[in-house]
Amino acid sequence: MRNPAAIDVALDEMLVNLAAIVLRLAQPELTRTPEARRALTQSVRQYGVCAARSRDPRVHELKTQLDETLKPSLRVVAIDGVKVS
Numbered sequence: 142m143r144n145p146a147a148i149d150v151a152l153d154e155m156l157v158n159l160a161a162i163v164l165r166l167a168q169p170e171l172t173r174t175p176e177a178r179r180a181l182t183q184s185v186r187q188y189g190v191c192a193a194r195s196r197d198p199r200v201h202e203l204k205t206q207l208d209e210t211l212k213p214s215l216r217v218v219a220i221d222g223v224k225v226s
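As structure tokens, then:
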């Protein structure tokens with residue numbers, strides 16, 4: 142693989158596959174503990190570092206999806222049956 146374009150394509154494919162794995166691991170039932178959340182955060186950030194140099198739009202779309210997994214889920218709060226948030 143002395144062709145830089147072929148190397149880029151191979152790396153992009155690896156990043157797409159890696160993102161799919163991390164997305165599966167980001168499911169709420171798998172990230173309930175603080176240690177699991179920290180591991181997910183570290184994986185998503187490291188993916189972002191690798192994805193920053195990619196020109197493949199799939200890689201950047203997956204980065205966006207992975208970043209969304211780090212945002213806290215919101216919940217509706219009600220006081221005396223009235224929604225307040």
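Here the sequence shown stands for residues 142 to 226, numbered as in my numbering.
Note that the Cβ used here is the ideal one computed from N, Cα and C, for glycine as well.
Counted within 10 angstroms of its Cβ, other Cβ atoms place residue i as buried (16 or more) or exposed
i    : result
L181 : buried
K212 : exposed
L203 : buried
V185 : buried
A192 : buried
Bridge partners - residue i, DSSP secondary structure assignment
i    : result
I220 : V223
Where residue i falls: helix, strand or coil (DSSP)
i    : result
A193 : coil
A161 : helix
A167 : coil
L211 : coil
T172 : coil
R143 : coil
Presumed contact (8 angstroms Cβ cut-off) between residue i and residue j, rounded CB distance
i    : j    : result
V157 : R199 : 5 angstroms
L164 : L207 : 7 angstroms
Y188 : L159 : 7 angstroms
T210 : A147 : Not quite, the Cβ-Cβ distance comes to about 31 angstroms (not below 8 angstroms), so this is no contact.
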